[in-house]
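Here's the structure, in structure tokens; my notes come after.
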Amino acid sequence: MLIFTILMLFFVYVIATYVKLWKQKNRKEAIVLLLFGLFIACYFIPVIENWMPTSESINTFLYKPISVYVRSALNINLGVD
Numbered sequence: 017m018l019i020f021t022i023l024m025l026f027f028v029y030v031i032a033t034y035v036k037l038w039k040q041k042n043r044k045e046a047i048v049l050l051l052f053g054l055f056i057a058c059y060f061i062p063v064i065e066n067w068m069p070t071s072e073s074i075n076t077f078l079y080k081p082i083s084v085y086v087r088s089a090l091n092i093n094l095g096v097d
């Protein structure tokens, strides 16, 4: 709940600053601010929504088959699979 509140406050800040920069004819800075805001929002969304992939789930998806293969090739049994 706290992260959701911080994220909403961040959105309000980004949109207000975007409008201010756009009115001042600083179009490049406004677009960079929106991209930066989108990056930060995508970073926090996995904490809020379970359907978004996290870095841990991506690493597990990528490296678990390799780990299982190496452990079976070396006959290592950790009891975890």
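Residue numbers (the working numbering): 17 to 97.
Ideal placement from N, C-alpha and C gives every residue a C-beta, glycine not left out.
These numbers come from a predicted model, not from an experiment.
For residue j and residue i, the rounded distance between their alpha carbons
i	j	result
residue 69	residue 32	29 Å
residue 43	residue 20	28 Å
residue 81	residue 41	52 Å
residue 76	residue 92	19 Å
C-beta contact flag for residue i and residue j at 8 Å
i	j	result
residue 52	residue 23	no
residue 56	residue 26	yes
Sequence-distant residues of its chain with Cβ nearer than 8 Å to residue i (five each side left out)
i	result
residue 49	30, 33, 34, 37
Close-in-space but distant-in-sequence residues of the same chain around residue i (CB under 6 Å, 5 per side omitted)
i	result
residue 95	none
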